[in-house]
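Heads up, the thing below is written out as structure tokens.
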Amino acid sequence: MWKFTLRRLLIMIPQLLALSILIFFLAKAMPGDALTGLITSTPNLNPAALEEQRQRLGLNDPVWVQYGNWLAQLAHGDLGKSYVHKIGVTDLIGSRLGNTFFLGVVILILTYLIAIPLGVLSGRYQHSPLDKTVVGYTYLSFATPLFILALLLLYVFGFRLGWFPTSGSVDVGVEPGTSAYYINKAYHLILPAVTGALLSTTATIQYLRNEVIDTRLKDFVKTARSKGVPEGKIYSRHIFKNSLLPIAAFLGYDLTGVIAGNIFLESIFGYPGLGQLFLQSITQRDFSVVTALVMISGFLALLGTLLSDVILSKVDPRIRIE
């Protein structure tokens, strides 16, 4: 196990290097440079002063020299500076990371709380009214675009009924660190988290349902029934455990995805997380933030693959990754 993990971590180094080259040169191919966002936010900026700053920052250097400087900073944990927000990219991402993390965790928990019982019950009572209802829900969830459901729930429960906030992660004036502060943050989480969970349950329900249907026909389940094992224990001890493989296969991606951010969800609900920051940085041409967020997303995708392999090998002893 440790040899496999170490080997995969070493393989990630050239993968991350190739990813950094792709991200950097694609960013350079876009119109403008790192100071373009500064021009947008400060229209009266002196062109001569801007050119002097561009020269000082090395933006007029050859592209390979710029890449080398950027990679050296990246290796030391320096993600650059946001010239739109006037602070370091590391500090900017850190200020949004907590919101994205909590939203991602709540969505993940709600997804499994909804998907696992529905998937097991749907597979156990195949072709029943319950199964048909669950399958219909998954089809509807799969066909519904995220922004449609998000706008609908925001309009109904936010604007019409006024049950939930329509933007932000906490109300203005609430003192940080108090119990009222955390309750208020949780209150702002409910609507976007439920929206994300309702649409992300589709794949988990379908995979789990199919696995339950296939597993209950296997020989070891028939043997357990022939020995008089109660049906409830057969499902809890045999079928359910062996049906978790699809969930385990994607669990690594889900765990790393909690800090990847959701562009549409955060933007629609005005939730100040990394997803909203990414979209704003693109529109404002804040390239240092864009490249940093894409690089982080790429790293999380590679890490998610590694975690999925390790988790899958733990769940199913038949799988050997050494």
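1 is the number of the first residue of the sequence shown in the UniProt record's numbering; add one for each residue after it. Think of the CB as a built atom: it goes at the ideal place given N, C-alpha and C, for glycine as much as any other residue. What you are looking at is a predicted structure, and each value in this text was computed from that prediction instead of being measured.
C-alpha gap between residue i and residue j, whole angstroms
{"i": "Phe264", "j": "Ile183", "result": "24 Å"}
{"i": "Arg216", "j": "Phe240", "result": "9 Å"}
{"i": "Gly123", "j": "Phe164", "result": "35 Å"}
{"i": "Val221", "j": "Gly228", "result": "11 Å"}
{"i": "residue 386", "j": "Asn210", "result": "Nothing about residue 386 can be reported from this structure: the residues present for the chain run from 1 to 322 only."}
{"i": "residue 376", "j": "Phe157", "result": "Only positions 1 to 322 of the chain appear in this structure, which leaves residue 376 out of reach."}
{"i": "Arg56", "j": "His76", "result": "20 Å"}
{"i": "Glu52", "j": "Gly298", "result": "34 Å"}
{"i": "Ala48", "j": "Leu277", "result": "30 Å"}
{"i": "Tyr235", "j": "Gly304", "result": "29 Å"}
{"i": "Gly162", "j": "Arg96", "result": "26 Å"}
{"i": "Tyr139", "j": "Asp219", "result": "31 Å"}
{"i": "Met30", "j": "Asp214", "result": "50 Å"}
{"i": "Val194", "j": "Ala150", "result": "10 Å"}
{"i": "Pro117", "j": "Thr144", "result": "22 Å"}
{"i": "Tyr83", "j": "Ala115", "result": "43 Å"}
{"i": "Gly275", "j": "Val174", "result": "24 Å"}
{"i": "Leu306", "j": "Val289", "result": "26 Å"}
{"i": "Thr5", "j": "Ile13", "result": "13 Å"}
{"i": "Leu108", "j": "Ser200", "result": "9 Å"}
{"i": "Thr283", "j": "Val63", "result": "23 Å"}
{"i": "Val120", "j": "Ile311", "result": "21 Å"}
{"i": "Gly177", "j": "Ile87", "result": "24 Å"}
Buried or exposed (CB count within 10 angstroms, at least 16 for buried), residue i
{"i": "Ile148", "result": "exposed"}
{"i": "Trp70", "result": "buried"}
{"i": "Asn60", "result": "exposed"}
{"i": "Pro192", "result": "buried"}
{"i": "Ser128", "result": "exposed"}
{"i": "Glu231", "result": "exposed"}
{"i": "Lys233", "result": "exposed"}
{"i": "Thr202", "result": "buried"}
{"i": "Thr204", "result": "buried"}
{"i": "Tyr226", "result": "This sequence places Ser at residue 226; Tyr is not what is there. Exposed, because fewer than 16 other Cβ atoms sit within 10 Å of the Cβ of Ser226."}
{"i": "Ala292", "result": "buried"}
{"i": "Asp286", "result": "buried"}
{"i": "Ser167", "result": "exposed"}
{"i": "Lys132", "result": "exposed"}
{"i": "Phe24", "result": "buried"}
Paired residues, beta bridge with residue i - DSSP
{"i": "Ser88", "result": "Strictly speaking, residue 88 in this sequence is Gly, with Ser absent from that position. Lys81, per the DSSP bridge assignment."}
C-beta contact flag for residue i and residue j at 8 Å
{"i": "Leu74", "j": "His85", "result": "no"}
{"i": "Phe269", "j": "Leu110", "result": "no"}
{"i": "Leu302", "j": "Gln15", "result": "yes"}
{"i": "Pro273", "j": "Thr100", "result": "Checking the displayed sequence, the identity of residue 273 turns out to be Gly instead of Pro. Cβ atoms of Gly273 and Thr100: closer than 8 Å."}
{"i": "Met295", "j": "Leu19", "result": "yes"}
{"i": "Leu198", "j": "Ser141", "result": "yes"}
Are the segment 243 to 260 and the segment 104 to 117 in contact at 8 Å, needing three or more beta carbon pairs?
-> yes
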